[in-house]
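One structure below.
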Amino acid sequence: MAMDGYKGFLVLLVSALLVGFLSVIFTLVWVLHYRGGLGWDGTNLEFNWHPVLMVTGFVFIQGIAIIVYRLPWTWKCSKLLMKSIHAGLNAVAAILAIISLVAVFENRNYRNITHLYSLHGWVGLTVVILYVLQLLLGFLVFLLPWAPLSLRAFLMPIHVYSGLLLFGTAIVTILMGVTEKLFFVLTNPAYSTFPPEGVFVNTLGLIILVFGGLIFWIVTRPQWKRPKELTSTLLQPNGATTEGVEGSVATSYGHNMDKSDSELNNEIAARKRNLALDEAVQRSTM
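Take the sequence shown: its letters are residues 0 to 285, numbered as in numbering that gives the first Met the number 0.
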């Protein structure tokens, strides 16, 4: 099935991938060139893993996970495969986020600094917890086969909305975090004097913001939505197969089956009545 506005979609998709990859590169350049590098020894070198993993996981990988259903080359793939890819990307993003939190807490313990005193810390921890819960709920309801269709239909709008909300909030939290970091480390020269590191990281923030805007635009265009599958066989975890019929398709299919059965029953009954009538006529003429 052809996608409406395919060329426009392709331009935005390539732009989003390039900008997202550029945000990861900028983050690495920041910590390697300006902040001394990476390590895992409790010092600031361990803290530097925090922005790298957050930008890589909560921005770039999560953004790809959000738009993976919009890729027209995957529309012929089974819905179960796409669900698995979507869940796998989100799981990788969650793991990277958790590791980045471990790096922060170990660095704070090493330097005897109070944990979670800033708004960045409050919002960031909340987003990570909700993200993990969202991932678990999506796995239990949408990936495993035992959830009824009515429950999936009820939770799907909530799942989509909360995913976009968490993605947007993660970007805002990262922007708060890099600004907070610059205020602490840029004292001589001060952040307010436009030092090279400050300008570079401000540019990083703009790149992250542009990436988020591209992802939101791609995922909110109705003409680029994955078309509904009329008939698709989904492989269940136990190896069995079932005919996947979703939403209105299932209702329409069931209605047509009921209608066909009703017409067949009426035809059989009519034949029986005609046969009985013929027998009665024959008996009366004998």
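Ideal Cβ placement from N, Cα and C applies to all residues, glycine included. In this text, all values refer to a predicted model and were calculated from it rather than measured experimentally.
Residue burial classification, residue i (beta-carbon count within 10 angstroms, cutoff 16)
i, result
"Gln-61", "buried"
"Val-13", "exposed"
"Arg-69", "buried"
"Ser-251", "Because Ser-251 carries a pLDDT of 39, less than 50, the predicted location of this residue cannot be relied on, and no value is offered for it."
"Asn-89", "buried"
"Pro-223", "One detail in the question is off: residue 223 reads as Trp in this sequence, not Pro. Buried, because 16 or more other Cβ atoms sit within 10 Å of the Cβ of Trp-223."
"Pro-50", "buried"
"Lys-180", "buried"
"Val-54", "buried"
"Phe-183", "exposed"
"Ala-15", "buried"
"Ala-169", "buried"
"Leu-118", "exposed"
Rounded separation between residue i and residue j - CA only
i, j, result
"Ala-287", "Phe-210", "Any property of residue 287 remains undetermined from this structure, which presents the chain solely from 0 to 285."
"Gly-176", "Ile-84", "29 Å"
"Pro-221", "Pro-71", "13 Å"
"Val-185", "Asp-3", "Just to set this straight, residue 185 is Leu in the shown sequence, not Val. Approximately 49 Å between the Cα atoms of the pair."
"Ala-152", "Leu-80", "19 Å"
"Arg-110", "Asp-40", "11 Å"
"Phe-141", "Ile-98", "26 Å"
"Leu-205", "His-114", "28 Å"
"Phe-25", "Val-18", "10 Å"
"Gly-56", "Leu-148", "31 Å"
"Glu-196", "Arg-225", "42 Å"
"Ser-77", "Lys-227", "12 Å"
"Ala-86", "Ala-92", "10 Å"
"Phe-199", "Phe-193", "10 Å"
"Ile-217", "Lys-6", "13 Å"
"Thr-202", "Ser-22", "9 Å"
"Tyr-190", "Leu-9", "39 Å"
"Met-155", "Pro-188", "50 Å"
"Lys-75", "Leu-143", "21 Å"
"Val-171", "Ile-66", "19 Å"
"Ser-247", "Ala-96", "At Ser-247, the pLDDT of 39 sits below 50, so the modelled position is not reliable; the number obtained from the coordinates is stated separately. Distance between the alpha carbons of Ser-247 and Ala-96: 38 Å."
"Leu-52", "Leu-174", "14 Å"
"Leu-37", "Phe-215", "32 Å"
"Gly-212", "Ile-112", "35 Å"
"Phe-20", "Phe-59", "7 Å"
"Lys-82", "Ile-207", "26 Å"
"Arg-107", "Leu-11", "40 Å"
Residues sharing a beta bridge with residue i, DSSP
i, result
"Thr-186", "Ala-189"
Cβ of residue i within 8 Å of any chain C Cβ
i, result
"Phe-141", "Within the model displayed, chain C is absent; a lone protein chain is all it includes."
Are the region 93–110 and the region 38–51 in contact at 8 Å, needing three or more beta carbon pairs? These segments touch.
Cβ contact check for the region 150–170 and the region 119–132: 3 or more pairs under 8 Å: Between the region 150–170 and the region 119–132 there are three or more inter-stretch CB-CB distances shorter than 8 Å, so the stretches are counted as touching.
Decide if the region 116–124 is in contact with the region 152–160; the criterion is three or more beta carbon pairs, one per stretch, under 8 Å apart. No: fewer than three Cβ pairs fall under 8 Å.
Just checking, does the region 22–32 make contact with the region 136–148 on the three C-beta pairs under 8 Å criterion? When Cβ pairs closer than 8 Å are counted between the two stretches, the region 22–32 is seen not to touch the region 136–148, the count staying below three.
Segments assigned alpha helix (DSSP H), at least 4 residues, entirely inside the region 70–114: Runs found: 78–110.
Write down every uninterrupted run of the alpha helix (DSSP H) in the region 138–202 whose length is 4 residues or greater and which is fully enclosed by it, in chain order. Complete alpha helix (DSSP H) runs here, min 4: 148–184.
Along the chain, which unbroken stretches of the beta strand (DSSP E) at least 3 residues long are found entirely within the region 1–37? Scanning the region 1–37 for uninterrupted beta strand (DSSP E) segments of 3 residues or longer gives nothing; none is fully contained.
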